[in-house]
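Read through the structure below, which is laid out as structure tokens, and then see the notes.
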């Protein structure tokens, strides 16, 4: 039997990474199966797919999925793969200024297409929490939201969780613990900068071997935090995994589960607002003391 929080947010990552990923996510939004979507405004497909997402803003939170690995963000250097980016951040060898410039560019592209600031901020492969990268991010956030009240500020997604919760859930524990270590004190930095975060995070998967996403999803809802957020990576079937998208098969499995009649559970936070409402879609959820309000956002 599924155990879970009274209310949790379910966010689909990687919108605009490919046509089939975007199509799957839009299908799930139309079926009322998602709380939020994280969009990659840095990709070539963003311009052609942003309009469809903007048209659905009244029923889903739309956030910016910051990316540093699919294109060079610093003209003086080649594109960073994830390993080089992590090592560079941990050894203090990244240049913060080009990172800030790239984040400004992605914010500009996002807001030009959506007409509003993001409802939340996160990073592809969680790059936004890395040392030095987070410094660049909070520099940009401080500039763009200097005078904005709390209800107009985006949620800063914190991919860390307590070791107890991670171990209690099982699954891809090593990956979850590694990201939690990299994200240490990200939530505290966000709070000190005036940005709310989720409290509790799940959705880590190995994406390999025989698996049942339904079982994984049950695990994601175990030991929830008070403002629990679950990430997912749905996509339409594209055949075999490829270097361009090594988790394509897993995406199709996630999509199949999320379109099934029994998913997601009633505890999932659902968004309902005017499409032109400038407030953060999570404002009411964040305003509750325990983050577990079951009220539908209006």
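In my numbering, the protein residues as written are 8 to 305. Glycine included, every Cβ here is placed at the ideal spot set by N, Cα and C.
Asked                                                                                                                   : Found
Beta-carbon gap between residue 281 and residue 122 smaller than 8 Å                                                    : no
Residues near residue 190 in its chain [Cβ-Cβ closer than 6 Å; skip 5 each side]                                        : 136, 166 and 167
Distance between residue 144 and residue 49 (C-alpha atoms, nearest Å)                                                  : 15 Å
Close Cβ partners of residue 26 (< 6 Å) along its chain, the five nearest in sequence each way excluded                 : none
Meets three-Cβ-pair contact criterion under 8 Å: the segment 13-25 and the segment 235-245                              : yes
Per-residue burial, residue 177 [other beta carbons within 10 Å of its own, 16 or more giving buried]                   : exposed
Every unbroken beta strand (DSSP E) inside the segment 182-259 [3 residues or more]                                     : 235-239
Alpha carbon of residue 262 to alpha carbon of residue 221, nearest angstrom                                            : 11 Å
Residue 286 - DSSP class collapsed to helix/strand/coil                                                                 : coil
Own chain residues within Cβ distance below 7 Å of residue 112, not counting five before or after                       : none
C-beta contact flag for residue 71 and residue 92 at 8 Å                                                                : no
Nearest-angstrom Cβ-Cβ length linking residue 271 and residue 265, presumed shorter than 8 Å                            : 7 Å
Residues that DSSP places opposite residue 128 in a beta bridge                                                         : 71 and 163
Opposing strand residues paired with residue 44 [DSSP bridges]                                                          : 19 and 69
Where residue 231 falls, given that 16 or more other Cβ within 10 Å makes a residue buried                              : buried
Own chain partners of residue 132 with C-beta closer than 8 Å, once the 5 adjacent residues on each side are dropped    : 76 and 89
Whether residue 141 touches residue 175 by CB criterion (8 Å)                                                           : no
Per-residue burial, residue 302 [other beta carbons within 10 Å of its own, 16 or more giving buried]                   : Any answer about residue 302 is weak, because its pLDDT of 31 lies below 50 and its placement is not dependable; what the coordinates show is given next. It counts as exposed.
Nonlocal neighbours in the same chain, by C-beta distance under 7 Å from residue 11, ignoring five residues either side : Caution applies to residue 11, whose pLDDT of 44 falls short of 50 and renders its modelled position unreliable; the value that the coordinates give is listed next. So the list reads 228, 231, 272 and 274, once near-sequence residues are dropped.
Inter-stretch contact (C-beta, 8 Å, three-pair minimum) for the segment 276-290 and the segment 153-162                 : yes
C-alpha gap between residue 292 and residue 39, whole angstroms                                                         : 18 Å
Reference residue 149; option with closest CA among 41, 100, 47 and 201                                                 : 201
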